[in-house]
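J.: Residue numbering for the sequence shown follows my numbering, starting at 15 and increasing by one per position. This is the structure I want to talk about, given as structure tokens.
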Amino acid sequence: MRRVTVDGDSRIPNEIKGFYHCKKCIEEATKIAARAGSASPRHYAKLEFGVTKSGFQLFCVRHEINVMKIEISLEESPNES
Ligand SMILES: [Zn+2]
């Protein structure tokens, strides 16, 4: 990992190209949308993203399940410098 930015700098735009969602939240939001006409995963989700001992984790608070876990090696590969 070469660069990490952790701050509230609003000048950095949202560069997300795809989203990770909790499968159960998507299923529930889809059912709500069918009944009520709309329910976006963005507004329905209750996710936490944070640091673990070995990387990062995205966790669904609503369902208490792992969505994604990223393990990061602290050793740099020979090609990184
Ligand atoms: Zn969920």
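Where is the CB? At the ideal position from N, CA and C, for every residue including glycine. Computed from a prediction, not measured in an experiment: that's the story for all the values here.
According to the neighbour-count rule (16 or more other Cβ atoms, all chains shown, within 10 Å of its Cβ), is Val18 buried or exposed?
T.: exposed
J.: Is Lys38 near ligand 1, in the sense that its beta carbon is under 7 Å from a heavy atom of that ligand?
T.: Checking the Cβ of Lys38 against ligand 1 gives yes.
J.: How many angstroms separate the CA atom of Lys38 from the CA atom of Glu29?
T.: Straight-line spacing of the CA atoms in Lys38 and Glu29 works out to 25 Å.
J.: Does the Cβ of Arg56 lie closer than 7 Å to at least one heavy atom of ligand 1?
T.: Checking the Cβ of Arg56 against ligand 1 gives no.
J.: Ignore the nearest five residues each way along the sequence and tell me which others in Gly69's own chain have a CB closer than 6 Å to its CB.
T.: Ile84, Glu85, Ile86
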